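A quick write-up on the structure given underneath.
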Amino acid sequence: HRDLTQASPSPSPVTFLTGAVGDGGSVSPAAGLCLNCWSLQELVNRDAGNYLILVEKILGKAKEVQEKCDYDLVTPLALLFYYAVLCAPHFPPGSDLLLKAASIYHSFLTWPVPYCDIFRELL
1 HRDLTQASPS PSPVTFLTGA VGDGGSVSPA AGLCLNCWSL QELVNRDAGN YLILVEKILG
61 KAKEVQEKCD YDLVTPLALL FYYAVLCAPH FPPGSDLLLK AASIYHSFLT WPVPYCDIFR
121 ELL
């Protein structure tokens with residue numbers, strides 16, 4: 001029996017995506033990404049700096065998805081990135097995350113329809 005009055009520790013942003021995608025558990029990768037999206041607000045409520053770390057991790061997963069041609073993760077990952085960027089309080093002036101994202105997502109434009117359409121809209 002768990003005491004619900006005590007706050008449970010927040011997952012770190014580093015393990016946030018890693019645990020849901022490709023961990024071999026019973027939760028599908030797409031479902032894990034949806035759960036991550038649902039949990040985003042809680043993570044940011046605890047520390048707004050988590051958004052930048054999360055965006056970095058999403059970009060790393062996007063590159064991995066591209067290398068493995070994992071079509072199942074394209075849409076959920078694009079939506080998670082879109083949500084994270086929209087909700088980010090700011091990007092530091094010297095940050096190259098958006099340029100890095102543009103570079104990674106531009107290469108998805110060569111993928112078949114409907115996947116290339118997702119990234120055309122995202123860019």
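Letter by letter, the sequence shown follows residues 1 to 123 of the UniProt record's numbering.
For every residue, glycine included, the Cβ atom is placed at its ideal position computed from N, Cα and C.
The structure displayed is predicted, hence computed values, not measured ones.
1) Does the distance from the C-beta atom of Leu59 to that of Ala102 stay below 8 Å?
2) At 4 residues or longer, what runs of the alpha helix (DSSP H) sit wholly inside the region 50–114?
3) I need the straight-line Cα distance from Glu56 to Leu97, nearest angstrom please.
4) Mind checking whether Val65 and Leu80 have CB atoms under 8 Å apart?
5) Could you tell me if Ala48 is buried or exposed, where buried requires 16 or more neighbouring beta carbons within 10 angstroms of its beta carbon?
Let me spell this out:
1) In the sequence shown, the residue the question calls residue 59 occupies position 59. In the sequence shown, the residue the question calls residue 102 occupies position 102. Not a contact, by the Cβ cut-off of 8 Å.
2) Here the runs fully enclosed are 50–68, 74–87 and 97–106.
3) Taking the first residue of the sequence shown as 1, we reach residue 56 at position 56. Taking the first residue of the sequence shown as 1, we reach residue 97 at position 97. Spanning the two alpha carbons is a distance of roughly 7 Å.
4) Here the question's residue 65 lines up with position 65 in the sequence shown. Here the question's residue 80 lines up with position 80 in the sequence shown. No, they are not a contact pair.
5) To locate residue 48, count along the sequence shown from 1; it is residue 48. Exposed is the label assigned to Ala48, since fewer than 16 other Cβ atoms lie within 10 Å of its Cβ.
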